[in-house]
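Residues in the sequence shown are numbered from 1 upward in steps of one, following full-length UniProt numbering.
The C-beta atom is built at its ideal place from N, Cα and C for all residues, glycine as well.
Below is one structure, written out as structure tokens; the observations come after it.
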Amino acid sequence: MSTKDCGRGSIGIIGAGIVGVSVALTLQREGWNVTIIDGLPPGSGASFGNQCMISPDLCVPMSIPGMLRKVPRWLSDPLGPLAIKPSYFPRVAPWLLEWSRAGRFDRVLARSDAMRSLHNGAFDAYRELLGVREFSKHIRTEGQVCYWEGKEPPEEQPVQDVLWERHGVVAEDLPLEDLYHYVPSLTRDVSKAIILPKNGHTTNPQRLVLKIAQLFEEAGGAIKQENVLKIIPESEGYRLVTGIANHRFSQVVVAAGAWSQRLLAPLGYRLPLETERGYHVTIEHPNVELPTVPILCLNRPAGISPLDGSIRATGSIEFAGLDAPMNEKRADVQIRRTEQMLPGLKIKDYSIWMGHRPSFPDNLPVIDRAPNHRGLFFAFGHSHSGMTSAPATGRHIAALIGGRESHINLAPFSASRF
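Below you can see the structure in the form of structure tokens.
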């Protein structure tokens with residue numbers, strides 16, 4: 001097996017998702033010699049299948065007061081948003097316990113503050129990364145719409161309102177006649193709708209990743225489609241062992257999403273990284289008008305987004321680990337919930353997908369130096385917000401590697417918090 005020494009000042013990025021390519025391009029523009037290594041082409045993992053949303057105003061964690069008591073109801077509901085493979089429950093139970101503890105209100109406030117600091121300014125970060133012209137091709141800033149059915153708002157709405165007010169989030173009541181301007185085919189069983197005008201979406205998440213990767217390569221960066229099997233510390237850097245070759249770098253950034261913990265375990269790290277398996281259904285050539293912005297139903301929960309003339313439907317979480325095959329029943333849930341949201345929709349031509357969201361129980365990523373290995377950096381665990389926080393993550397990793405202070409407090413994203 002050949003060994004390639006990438007030289008002094010070289011940085012290897014493990015992972016070619018939205019986080020990996022954003023980190024790589026940011027570092028490259030600061031003068032580093034950067035190589036991306038991933039077994040799949042850029043944007044083929046979790047970045048491929050998300051709901052397209054970019055949410056600078058995202059500041060509400062997944063675990064908040066009152067959420068835990070919903071779990072039994074979700075698990076017993078065939079159309080519920082949560083499923084756990086029975087044989088996997090003993091393994092995920094400690095993670096779920098920590099997730100429930102993170103829902104205490106004092107912890108929610110601290111995590112919300114951290115989320116806001118990371119996500120705020122996402123559009124500006126993308127403009128800097130892409131340039132104004134490419135930004136306008138790949139990103140829309142017309143907002144996101146949320147609605148609920150029935151007379152009462154979702155149980156968690158009061159907590160969400162407190163957090164939105166705390167951070168100055170603009171959430172405007174949307175008259176129902178205006179709601180149907182955004183999505184004419186939406187169910188009429190709607191009691192209230194709001195718009196978050198400062199959020200937005202990407203027109204195609206994989207295409208966005210590919211564009212950033214293209215900018216990186218055009219500027220001289222290298223992308224190796226090889227599967228990293230092992231990280232080996234050496235006297236002057238690291239050797240990355242793949243199925244094809246060895247690559248030596250002065251420094252390494254682990255941005256391998258849900259697979260990051262597997263790579264780090266041999267180095268002694270035991271981080272509570274779990275995979276939230278997410279499913280989507282992409283409906284081609286729908287017989288109804290497309291939504292113009294992402295639409296979220298807060299009761300179910302479920303969401304639909306426009307995607308290149310098709311509709312992408314999401315809203316499912318499954319805990320079954322990295323190795324279990326796709327559970328097509330979860331995709332069926334997406335189809336049935338989408339039919340409820342869009343009663344006139346006739347689903348004929350569609351595709352289903354399953355991917356692995358990398359998630360920590362406190363809903364925050366790790367953006368940090370490795371505690372016990374100089375020159376090793378962590379950038380993973382972005383859960384549902386990778387598309388939003390990737391450019392900022394690139395900035396913060398570049399600051400850490402360059403020995404500069406970040407413009408936000410990175411302590412909440414420390415690997416040592418666990």
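When C-alpha distances from Ile-36 are compared across Glu-149, Gln-214, Thr-187, Gly-221, the shortest belongs to Gly-221.
For Pro-90, the secondary structure class from DSSP, reduced to helix, strand or coil, is helix.
The beta carbon of Arg-336 lies closer than 8 Å to those of Leu-79 in the same chain, with the five residues before and after it left out. Counting only runs of 4 or more residues that sit fully inside the segment 249 to 286, the alpha helix (DSSP H) segments are 260 to 264, in chain order. With a cut-off of 8 Å on Cβ pairs, the segment 105 to 116 is not in contact with the segment 136 to 155, counting fewer than three such pairs. For Glu-172, the CB contacts under 7 Å within the same chain, skipping 5 residues up- and downstream, are Ile-194, Ile-195, Pro-197 in chain order. Apart from the 5 residues on each side of it in sequence, Leu-68 sits with its Cβ closer than 7 Å to the Cβ of Ser-100, Gly-103 in its chain, given in chain order. The C-beta separation of Ser-22 from Gly-257 comes to about 13 Å, leaving the pair out of contact by the 8 Å criterion.
It is roughly 14 Å from the alpha-carbon of Gly-121 to the alpha-carbon of Arg-140. Residue state for Leu-229 is assigned as strand, using DSSP reduced to three classes. Taking a contact as a CB-CB distance under 8 Å, the pair Gly-39 and Glu-226 counts as one, their CB atoms being some 6 Å apart. Counting the other CB atoms within 10 Å of its CB gives Ala-219 a total below 16, which places it among the exposed residues. C-alpha of Thr-314 to C-alpha of His-280: approximately 5 Å in a straight line. Beta-carbon to beta-carbon, Gly-386 and Ile-18 are separated by about 5 Å, close enough to satisfy the 8 Å threshold.
Relative to the Cα of Val-333, the nearest Cα in the group Met-62, Val-159, Trp-74 belongs to Trp-74. Only residues of its own chain outside the window of five on either side were considered, and among them Val-23, Thr-26, Leu-27, Val-253, Ile-367, Phe-377, Ala-379 have a CB closer than 8 Å to the CB of Ile-397, listed in chain order. Runs of alpha helix (DSSP H) with 4 or more residues, each lying fully within the segment 140 to 181, are found at 157 to 166, listed in chain order. Around the beta carbon of Asn-50, 16 or more other beta carbons sit within 10 angstroms, so the residue counts as buried. In the structure shown, Ile-397 adopts helical secondary structure according to DSSP, grouped into three states. Its chain contains Pro-81, Gly-315 as the residues whose beta carbon lies nearer than 7 Å to that of Pro-301, once the 5 sequence neighbours on both sides are disregarded; these appear in chain order. Residue nearest to Lys-346 within the set Asp-189, Glu-289, Pro-391, Pro-412 is Glu-289 (criterion: CA-CA distance). For Thr-202, the enclosing beta strand (DSSP E) begins and ends at 200 to 202.
In the three-state scheme derived from DSSP, where H, G and I count as helix and E and B as strand, Met-387 is classed as helix. Here Trp-32 has Ile-11 as same chain residues with Cβ atoms under 6 Å from its own Cβ, once five neighbours each way along the sequence are excluded. Look at the beta carbons and you see the segment 318 to 326 not touching the segment 226 to 244: under three pairs across the two are nearer than 8 Å. Taking a cut-off of 8 Å for Cβ pairs, the segment 170 to 189 and the segment 120 to 139 do not touch, as fewer than three such pairs fall below it. For Ser-351, the beta-bridge partners assigned by DSSP are Thr-282. Going by DSSP, Leu-25 is part of the alpha helix (DSSP H) stretching over 18 to 29. Only residues of its own chain outside the window of five on either side were considered, and among them Leu-186, Thr-187, Cys-297, Ala-302, Ile-304 have a CB closer than 7 Å to the CB of Met-341, listed in chain order. A straight-line Cα-Cα distance of about 5 Å links Thr-275 and Pro-358. Secondary structure of Ile-13 (DSSP, three-state): strand. Short of 7 Å from the beta carbon of His-138, and not among the five residues preceding or following it, lie these beta carbons of its own chain, in chain order: Leu-130, Thr-202, Thr-203, Arg-207, Leu-208, Lys-211. Per DSSP, the unbroken beta strand (DSSP E) holding Gly-237 starts and ends at 237 to 242.
C-alpha of Leu-410 to C-alpha of Val-132: approximately 28 Å in a straight line. By the criterion of a C-beta distance shorter than 6 Å, Ile-64 is surrounded in its chain by Gly-103, Val-108, Glu-156, Val-159, once the five residues flanking it on both sides are discounted.
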